[in-house]
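K.L.:
Position one of the sequence shown corresponds to residue 67 (our numbering), numbered consecutively onward.
Glycine included, every Cβ here is placed at the ideal spot set by N, Cα and C.
Just so it is clear, the structure is predicted and the values come from calculations on it, not from any experiment.
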Amino acid sequence: MIAKALWSLPALFIAAACAVDVMPGPDEGEMLFAQNCSGCHTATATGMRLNDGTVAPDLTRISERNDGVFPRAHVLSQIDGYGRGKAASVMPEFGDLLEGELVPVEVDGTMTPTPRPLAALMTYLESIQVGTGTEG
């Protein structure tokens, strides 16, 4: 009996680990977007002109601007600030917000450990693309 119980422990730990490493769905990202991004990009993510004259881009057309492909690596780097540089410093950095457990995200054919909030935002943005046949 004890041997049987001990034999099942590794399976239990594996199952628990896999449950944590699940890619977040769009709903999780939508909540983060509403709390952190909608002030500039609007609740519908269509962007707007800000008080300082800059324009927060329409995030529903990222794929359209990229020949119909959602550029995951580029989007992740824009959100976390890595790919923006000083020229695009209008968008705040969300470093602290984007920390946390890592989940596997497929980026250009490679599974990449990514902080869960960052993966959630990316998943949400990918789900709201228009003009790609995937909107819904």
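Does the Cβ of residue 180 have 16 or more other Cβ atoms within 10 Å, making it buried, or fewer, making it exposed?
P.N.:
So residue 180 counts as buried.
K.L.:
Going by C-alpha distance, which of 128, 174 and 172 is nearest residue 192?
P.N.:
Looking at the Cα atoms, 128 is the closest of the given residues.
K.L.:
Residue 89 and residue 169 - do their beta-carbons sit closer together than 7 Å?
P.N.:
Closer than 7 Å, so yes.
K.L.:
With distances taken from CA atoms, which of 119, 95 and 120 is nearest residue 109?
P.N.:
Of 119, 95 and 120, the residue nearest in Cα terms is 95.
K.L.:
Give me the residue from 197, 174, 120 and 147 with the minimum Cα distance to residue 163.
P.N.:
Measuring from the Cα of residue 163, the nearest candidate turns out to be 147.
K.L.:
Leaving aside the five residues before and after residue 174 along the sequence, list all residues of the same chain whose C-beta is less than 8 Å from its C-beta, in chain order.
P.N.:
Result list for residue 174: 138 and 139, in chain order.
K.L.:
Three-state secondary structure (DSSP) at residue 173?
P.N.:
Three-state result, residue 173: strand.
K.L.:
Taking residue 124 as the reference, give the member of 133, 132, 118 and 114 with the closest Cα.
P.N.:
Checking every option, the nearest Cα to that of residue 124 belongs to 114.
K.L.:
Using a Cβ-Cβ cut-off of 8 Å (strictly less than) and excluding sequence neighbours within five positions of residue 184, which residues of its own chain qualify?
P.N.:
Counting only Cβ-Cβ distances below 8 Å, and skipping sequence neighbours, we find 142, 145, 146 and 164.
K.L.:
From what residue to what residue does the alpha helix (DSSP H) around residue 143 run?
P.N.:
It spans 138-146 - the alpha helix (DSSP H) in which residue 143 sits, taken as one unbroken run.
K.L.:
Just checking my contact of residue 102 with residue 160 at CB under 8 Å: how many whole Å lie between their CB atoms?
P.N.:
Right, the Cβ-Cβ distance comes to about 6 Å (below 8 Å), so this counts as a contact.
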